[in-house]
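Single-structure report; data block below.
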Amino acid sequence: MESSHFKAFAQSLFTKHETRMWRKEKDVFLNHCKAEFKALGYDDSELTIREDRNMLGFKSKNLLIGPPDADVLITAHYDTPGRNGFLLLLAPVFGILLGSMILMFPLVFIIGLLTGLLGLSEASLLASFLPLLLLLVIPSLIKNPHNHMDNTSGVLGVFNLAARIAESPALRKKCAFVLFDHEEVLPGLLGSKAFAKWRKRSYPDKVQGKVINLDCIGNGDVLTVMAKKKHEGQNNIAVFLQQEGFDVKKVRSGLTGNSDHAAFPRGVSLLYQKRSLIGPLYIPKIHSARDTVCDLDQVDRLCGAVYTYINNSPL
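Following this line, the structure appears as structure tokens:
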């Protein structure tokens, strides 16, 4: 795609739309995106802000670009997280899961020890864990000031691929793009699950369609190809990207790696990570004020490879 337009769009997100946690700033962002996608050649009939009711009972605003019954969905979440990155403080050494457990263990141990020594009742025992619960919940409600990796990089990836596919009439007929709301809101994936439910009801023959989700693709050196359950589509794109020179690792998503792909049977997520000091992978600097790195050349290279894969692979 044209490098200048891509970089200008990226700069507008980094400077004017860096936080997208509350509804007002999300709506401003969505209107900005609609204008940018129109500049790529997508008209009003191809741009829809869907209001899909999620499992918590309120509506997620998901931006759909292209035919709703497309064979291939290219997706990312656009909402940004709270400021609970302190839970990932030890991830560069131990990885995400082990690092978080090591960080939280002393607090849980001290609370358990004190309640045992003091002989507290069951109700008092539950109350003693309230500060720990608040420590986990409250920071997630404070918006993180910088979000270049999570998930501005994914939004930029969707834009990059939309620009490439806009110039191919054949691909425009079979591909659509979705920016999901409420990926970060506990219990997570609210927007994508609501959208998937609507699409399954409206287009049941497309349930097994390809979904390529772009989540945190701007910083890291190991490209993880993630799926909720192993399937042929995960293996196909992993093999292709490895042949294209990427350092690829296939993984199953779980407690530390779930993303919007998990709402779809044949979904995969592409996610850059780094290796921790002892080996397990981690996503650098997310959910913290240090999330200021997004390598646009890295995003562009990956999107170029994904475009080639979509253009040359069977459904």
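Numbered per the working numbering, the sequence shown spans residues 1 to 315.
Idealized CB from N, CA, C, for every residue including glycine.
A quick note: this is a predicted structure, and the numbers were derived from the prediction, not measured.
Under 6 Å Cβ to Cβ from residue i, same chain only, skipping five residues before and after it: list those, please.
i, result
"Ser192", "Phe180, Asp260, Ala263"
"Leu171", "Ile165"
"Lys228", "Ser253, Ala262"
"Trp198", "Asp52"
"Cys303", "Gly157, Asn160, Leu161"
"Thr224", "Lys249, Val251, Leu271, Gln273"
"Arg50", "Asn62, Leu64"
To which residues of the same chain is residue i closer than 7 Å at the C-beta, ignoring the five residues directly before and after it?
i, result
"Ala194", "Asp52, Arg53, Asn54, Ser60"
"Leu317", "Residue numbering for the chain in the displayed model covers 1 to 315; residue 317 lies beyond these limits and cannot be assessed."
Can you tell me which of the options puts its alpha carbon nearest to the alpha carbon of residue i?
i, options, result
"Asn316", "Ile237, Tyr282, Ala238, Ser276", "Nothing about residue 316 can be read from this structure; the chain reaches only from 1 to 315."
"Leu132", "Val251, Leu87, Ala176, Ser153", "Leu87"
"Asn62", "Gly254, Ala39, Lys34, Gly279", "Lys34"
"Asn84", "Ser313, Thr308, Asp291", "Asp291"
"Val268", "Gln242, Asp221, Ala76, Leu103", "Ala76"
"Leu190", "Pro284, Ala305, Phe58", "Phe58"
"Gly41", "Leu135, Gly245, Glu167", "Glu167"
"Lys7", "Ala163, Asp205, Asn311", "Ala163"
"Asp205", "Ala10, Ile74, Pro265", "Pro265"
"Asp150", "Ala305, His17, Ser4, Ser3", "His17"
So who's on the other strand from residue i, going by DSSP bridges?
i, result
"Val251", "Met226"
"Phe177", "Ile65, Ile74"
"Lys210", "Val72"
"Thr48", "Leu64"
"Leu103", "Its beta-bridge partners do not exist; DSSP assigns none."
"Leu156", "None; Leu156 has no bridge partner."
For residue i, collect the residues of the same chain with a Cβ closer than 8 Å to its Cβ; drop the 5 residues on either side in sequence, then sort them by chain order.
i, result
"Ser276", "Ala91, Pro92, Val93, Phe94, Gly95, Gly99, Tyr282"
"Thr19", "Glu25, Thr80, Lys143, Asn144, Pro145, Asn147"
"Asp27", "Lys61"
"Val185", "Leu56, Asp79"
"Leu47", "Lys34, Phe37, Lys38, Leu63, Leu64, Ile65"
"Gly82", "Met21, Pro139, Ser140, Leu141, Ile142, Lys143, Asn144, Glu184, His287"
"Leu136", "Asn84, Leu87"
Under the assumption that residue i contacts residue j (Cβ atoms under 8 Å), give the Cβ distance between them as a whole number of angstroms.
i, j, result
"Ser313", "Asn236", "7 Å"
"Tyr309", "Phe240", "5 Å"
"Thr152", "Leu30", "Not really, about 14 Å apart at Cβ, beyond 8 Å."
"Asp247", "Asp221", "6 Å"
So with Cβ pairs under 7 Å, would you call residue i a contact of chain C?
i, result
"Ala170", "In the structure shown, chain C cannot be found, because there is only a single protein chain."
Inset, instruction - Check whether the region 67–83 touches the region 198–209, taking contact to mean three or more Cβ pairs, one atom from each stretch, closer than 8 Å. - result: Because the criterion of three Cβ pairs below 8 Å is met, the region 67–83 and the region 198–209 touch.
Inset, instruction - Would you check if the region 151–159 and the region 298–309 touch, i.e. whether three or more CB-CB distances between them fall below 8 Å? - result: Taking 8 Å as the limit for Cβ pairs, the verdict is that the region 151–159 does touch the region 298–309.
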